[in-house]
């Protein structure tokens, strides 16, 4: 939950082209009269000109197709936008793309693949209690290894036919207390978590991954639905809300938000209504049949305070604890979000309706209109809202907001609050303990509120001082700085600054279509437009917190040289690689001996390729060496590559293996067997697992080249060989890599690994700088003035010290 104070002090101005639609592009904006002259809209999807639309629709509709709006005589500082009443009814956001969505879904739902089943069965889920059958995930992992074909046959039939066995529909309902509830005699103060049979979760996990992929690549869900989707966190949701407030404030607009909570959420879902929505979306028949089978005739026995009841039937809801339940819930509520002047933001069942204008009265009118609309849609879709969790806040310290209450459609009056708890971000957690997992609680949400405030530094430093004395068991009078060094606990200021950079780094790696990145792009465009019309008399606009986050690492790399990631390139059903990856579990010496024997007595059709990568202090970049050895033992090809200083050995190994596969493709003949050897296990694991992560560009090239080798009737495998263990081919590749570190680089690409390591390095350097700054105030004879500080990665305990844990 976030505590949102109405005294929120915004920092930045809303530009006219930054209204709620992230895909709307406004061109030909000129400063002039206080009006907007609407000309037309071009719908680039069907190339048809639509007439009779309003400015309200153009600027506020949720984007599904890209619109270009041609406007003129627009004053970017006019306090409000004129509304022209429409001659047409505004279509819901989902209607515009429904046809394309149906076509996409019908084309992209293949049969179950072996890679999907492998990932689902091999998932290592810690702390998961088994269902009534007592079968744990560890048992499933071992069973799958023993009989993978039987598993594939079973789950292929279950998923492709749309059937969920009755024996997996039994669940144990563990009743848990909800935290911080005032009265635990009320049933609503408890949550029922369904402990499901783990075998059933295999198909649930597979279908959940497919639907999550489609949610990112199609209009299956509304773009404002954040929770329950890949790489959409509560922090992302919160930063979107705070950025909206800051943007509105710098254009002198007043922002109000109404928070709604879907009553009962998972427990109150109507199966028939959910199936109707799925049919309307034209989801595959097998999936709809599976969902129907999954929800029908479920049995539950409740477990509370050591007592357990008998199984009883459940006639409504979806099980809370199933991997597929969150995405099914999001599909169920997708039609609540109509396109209008309200900004929607939701995280699972928590919905925020935000509006802005020049007065609180206008905000209330907009929110009442939107609330009436969403309540009506909720009634149509069998969705109710929890009145007790409905809250209103006006982001201002003005006393005028006290009387700006809202009337709900059910005649209830909601008075504005001065502080609201939302999504788990709470300042009270800062007073909890510091060490281990507790620091993640204390710092949670710090990217929203950390602006180098001295009052927070003092609170967090006091908390850390207490933790230091508990960890090291020292006297109360012990000096703080040496304790920090010994316990390897970074000062709170350094830790929080690094957290800002880490979040900025995360934004770099996720899709440009992520809602937070879309807003960040808008802010950058607004700043460019502001700079164009800037004058000496005009004050420089203060940056929003999101802009500060983005700028925290902007100078640390060149965006044009950053390695590419093709987001959502690998669907869940296309994660098989056309090569085998073999990594021995033997020790280095034993593995080297077996490798040398296999090399000596290899078949005549086997071509061996060794690759190695190296970085040395006197080098001018990371070097890669490649050696190709023919079946007769002759070295047919050698290559050295320098990939520059903005890379690491890990990246070089990926590139080396990829180059080796591409070279093998260029010489392959039917019947050849290529064996590529690398001493870097991390690189081999990366090539084995297709994901939208750093290193993906090499992986895509490797897969394409390996597929071409297979199509020519040859085979290829990637293998681990221990380095520096007298393996002749590996030693030769190592010497070539060393030679490559001294040649000019052929690449200026910057890897994400390099940026991540730079952030860690700067974190340590900042700590050292703080320590050295404090040293100037010490006498010259002080130990720290004569010897440099040394920061370790972990606590170092002398070898002759015995530790007891009581």
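In the working numbering, the protein residues as written are 139 to 944.
Every residue, glycine too, gets a C-beta built ideally from N, C-alpha and C.
Assign residue 215 to one of two classes, buried (16 or more other C-beta atoms within 10 Å of its C-beta) or exposed (fewer than that).
Unreliable placement is indicated for residue 215, whose pLDDT of 33 sits below 50; no coordinate value is reported for it.
Beta strand (DSSP E) runs contained entirely in the stretch 713-796, provided each spans 3 or more residues:
718-720, 744-752, 761-767 and 773-780
Contact check, residue 456 vs residue 585 under 8 Å by CB: the rounded distance?
That pair is no contact at about 32 Å.
Under the three-state DSSP convention, the category residue 860 falls into
coil
Would you mind listing the beta strand (DSSP E) stretches within the stretch 417-496 that are 3+ residues and don't spill past its ends, in chain order?
Fully contained in the stretch 417-496 are the following beta strand (DSSP E) runs of length 3 or more, in chain order: 436-442, 450-452, 481-485 and 488-495.
Distance check for residue 854 and residue 575, CA to CA, integer angstroms please.
Here residue 575 scores only 42 on pLDDT, less than 50, and its place in the model is too uncertain to base an answer on.
Within a Cβ cutoff of 7 Å, which residues of the same chain sit near residue 274, ignoring the five residues on either side of it in sequence?
268 and 336
Backbone secondary structure at residue 532 - three-state DSSP:
strand
Based on the DSSP output, what are the partners of residue 399 in its beta bridges?
Partner(s): 488.
Which runs of the alpha helix (DSSP H) at least 4 residues long sit entirely within the stretch 271-322? Give them in chain order.
Fully contained in the stretch 271-322 are the following alpha helix (DSSP H) runs of length 4 or more, in chain order: 275-284 and 286-299.
Between residue 685 and the rest of its own chain, which residues show a CB-CB distance below 6 Å, the 5 nearest in sequence each way excluded?
661
Less than 8 Å between the C-beta atoms of residue 822 and residue 719, yes or no?
Yes, the Cβ-Cβ distance between residue 822 and residue 719 is below 8 Å.
Cβ separation of residue 792 and residue 824, assumed to be a contact under 8 Å, to the nearest whole Å:
6 Å
With 16 as the cutoff for other CB atoms within 10 Å, does residue 707 come out buried or exposed?
Under this definition residue 707 is an exposed residue.
Residue 796 beta carbon less than 8 Å from that of residue 840
In contact: residue 840 and residue 796 (Cβ atoms closer than 8 Å).
Distance, residue 779 Cα to residue 900 Cα:
Roughly 29 Å separates the two Cα atoms.
Which residue's Cα is closest to the Cα of residue 80: 462, 746, 549 and 786?
Nothing about residue 80 can be reported from this structure: the residues present for the chain run from 139 to 944 only.
Should residue 883 go down as buried or exposed, given a rule of 16 or more other Cβ atoms within 10 Å for buried?
buried
Measuring only the C-alpha atoms, how far is residue 547 from residue 409?
26 Å
Does the pairing of the stretch 501-509 with the stretch 376-384 give three or more beta-carbon distances under 8 Å?
no
Roughly how many angstroms lie between the CA atoms of residue 406 and residue 553, to the nearest whole one?
So the two alpha carbons sit approximately 27 Å from each other.
Could you tell me if residue 806 is buried or exposed, where buried requires 16 or more neighbouring beta carbons within 10 angstroms of its beta carbon?
buried
Do residue 492 and residue 382 count as a contact pair if the criterion is CB distance below 8 Å?
yes
Below 8 Å, can you find three or more Cβ-Cβ pairs linking the stretch 523-536 to the stretch 425-445?
no
How far does the beta strand (DSSP E) with residue 812 in it extend, from its first residue to its last?
811-816 is the extent of the beta strand (DSSP E) around residue 812.
Rank 447, 421, 781 and 249 by C-alpha distance to the C-alpha of residue 312 and give the top, closest one.
Checked all of 447, 421, 781 and 249; the closest Cα to residue 312 is 447.
Would the beta-carbon of residue 830 fall within 8 Å of that of residue 859?
It is not a contact, given that the beta carbons lie outside the stated cut-off.
Terminal residues of the continuous alpha helix (DSSP H) containing residue 691?
Premise fails: residue 691 is in no alpha helix (DSSP H) and is neither H nor E.
Anticipated Cβ contact below 8 Å, residue 497 with residue 392, distance rounded
For a cut-off of 8 Å, the C-beta gap from residue 497 to residue 392 is around 7 Å, short enough to register as a contact.
Between residue 851 and the rest of its own chain, which residues show a CB-CB distance below 6 Å, the 5 nearest in sequence each way excluded?
808
Do three or more CB pairs link the stretch 338-345 to the stretch 468-477 at distances below 8 Å?
no
Determine the direct distance from the alpha carbon of residue 475 to that of residue 544, and round the result to whole angstroms.
20 Å
Within 10 angstroms of the Cβ of residue 328, are there 16 or more other Cβ atoms? Answer buried if so, exposed if not.
exposed
Where do the N-terminal and C-terminal ends of the beta strand (DSSP E) with residue 626 fall, by residue?
Element bounds for residue 626: n/a, residue is neither H nor E.
Can you give me the start and stop residues for the beta strand (DSSP E) that residue 498 sits inside?
Looking at the DSSP string, residue 498 is not in any beta strand (DSSP E); the run it does join, the alpha helix (DSSP H), is 498-518.
Let me make sure I understand the geometry here. Which of 698, 536 and 742 has the alpha-carbon closest to that of residue 771?
742
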